[in-house]
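Enquirer: Residue numbers (my numbering): 1 to 154. C-beta atoms are modelled at their ideal positions from N, C-alpha and C, and glycine is treated no differently. First the structure, which I've put down as structure tokens, then a few questions once you've had a look.
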Amino acid sequence: MLDLFDFTVCEKCFAEVIRPDADRGVDLARRFAPTPSVLSSGFTCHLYSDRMRRVWNEAASTSNLDHLRQKISERRARERELQTKRAQLQQQARQLKQQADMQEQLATIAMLTEMNRASNNILLSGIGVTYQVDSYHVAVPSGVVSLISFPSNR
Ligand SMILES: [Zn+2]
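Shown next as structure tokens:
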């Protein structure tokens with residue numbers, strides 16, 4: 001829009017909204033550039049949503065350019081807010097992923113410890129040891145201790 005360069009509209013919306021309004025003699029609609037132009041930086045169509053089309057209709061019916069200008073700056077502020085919010089959520093997601101990875105590692109260690117304990121129990125029961133103090137220590141009958149710990153002594 002010539003008076004409001006921030007206000008950009010895609011070809012489809014131009015055909016659906018702006019051109020019909022211009023044909024009906026709506027003042028604001030006639031202030032658009034007569035030919036479409038390719039914009040270098042990314043742009044968003046401001047008439048994509050029903051809400052913005054209502055804003056347009058309000059402004060157009062009263063020829064109130066300031067109203068349109070204000071709504072557009074509100075929309076920009078809201079977009080920035082959402083971008084900030086999205087960045088925060090992405091950061092949170094990364095942290096949650098790190099926590100989950102760490103918990104998975106801890107679970108793996110716990111599982112390996114349990115497997116080690118079970119395999120020790122099988123080995124020990126094979127040589128007649130039945131009492132286990134904890135995952136790492138067993139009480140063994142005398143005579144068997146040296147067999148386990150120092151087999152080369154015999
Ligand atoms: Zn559009």
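Give a single yes or no on whether leucine 82 has its beta carbon closer than 8 Å to a heavy atom of ligand 1.
Expert: Stepping through the sequence shown from its first residue, residue 82 is reached at position 82. Leucine 82 Cβ: outside cutoff for every heavy atom of ligand 1.
Enquirer: Run the proximity test for valine 9: is its beta-carbon closer than 8 Å to any non-hydrogen atom belonging to ligand 1?
Expert: Taking the sequence shown and counting its residues from 1, the one referred to as residue 9 is at position 9. Under cutoff, so the answer is yes.
Enquirer: With DSSP as the reference, label aspartate 21 as helix, strand or coil.
Expert: As a working note, residue 21 is residue 21 in the sequence shown. In this structure, aspartate 21 counts as helix in the three-state DSSP scheme.
Enquirer: Is lysine 85 near ligand 1, judged by its Cβ being under 8 Å from some heavy atom?
Expert: Against the sequence shown, residue 85 aligns to sequence position 85. False, no ligand heavy atom lies under 8 Å from that Cβ.
Enquirer: Are there 16 or more other CB atoms within 10 angstroms of the CB of methionine 111, so buried, or fewer, so exposed?
Expert: Translated into positions along the sequence shown, residue 111 becomes position 111. Result: exposed.
Enquirer: Could you check which residue in Ala33, Ala59, Gln105, Asp23 has the C-alpha nearest to that of threonine 8?
Expert: Counting from one through the sequence shown, the residue named residue 8 turns up at place 8. Checked all of Ala33, Ala59, Gln105, Asp23; the closest Cα to threonine 8 is Ala33.
Enquirer: Using the C-alpha atoms, what's the distance from lysine 85 back to serine 41?
Expert: For this step, residue 41 is matched to residue 41 along the sequence shown. For this step, residue 85 is matched to residue 85 along the sequence shown. Whole-angstrom Cα-Cα distance: 23 Å.
Enquirer: Are there any heavy atoms of ligand 1 lying less than 8 Å away from the beta-carbon of leucine 47, as far as the coordinates show?
Expert: To locate residue 47, count along the sequence shown from 1; it is residue 47. Under cutoff, so the answer is yes.
Enquirer: Just checking lysine 97 against ligand 1 - is the residue's beta carbon closer than 8 Å to any of the ligand's heavy atoms?
Expert: Walking along the sequence shown from the start, residue 97 turns up at place 97. Not under cutoff, so the answer is no.
Enquirer: Below 8 Å, is the gap between the Cβ of lysine 71 and the nearest heavy atom of ligand 1?
Expert: For the purposes of this step, residue 71 is identified with residue 71 of the sequence shown, where counting begins at 1. False, no ligand heavy atom lies under 8 Å from that Cβ.
Enquirer: Counting only the same chain and skipping the five closest in sequence on each side, list residues whose C-beta sits under 7 Å from that of aspartate 21.
Expert: Translated into positions along the sequence shown, residue 21 becomes position 21. Cβ neighbours of aspartate 21 beyond the five flanking positions: Ala29, Ala60.
Enquirer: Out of curiosity, what's the CA-to-CA distance linking asparagine 120 and alanine 87?
Expert: Here residue 120 refers to the residue found at position 120 when the sequence shown is read from its first residue. Here residue 87 refers to the residue found at position 87 when the sequence shown is read from its first residue. Between asparagine 120 and alanine 87, the C-alpha separation is close to 50 Å.
Enquirer: Rounding to the nearest angstrom, what Cα-Cα distance links methionine 1 and leucine 89 in this structure?
Expert: Counting from one through the sequence shown, the residue named residue 1 turns up at place 1. Counting from one through the sequence shown, the residue named residue 89 turns up at place 89. Distance between the alpha carbons of methionine 1 and leucine 89 is about 35 Å.
Enquirer: So for valine 9, helix, strand or coil by DSSP?
Expert: Mapped onto the sequence shown, residue 9 falls at position 9. Note: valine 9 maps to coil in three-state DSSP.
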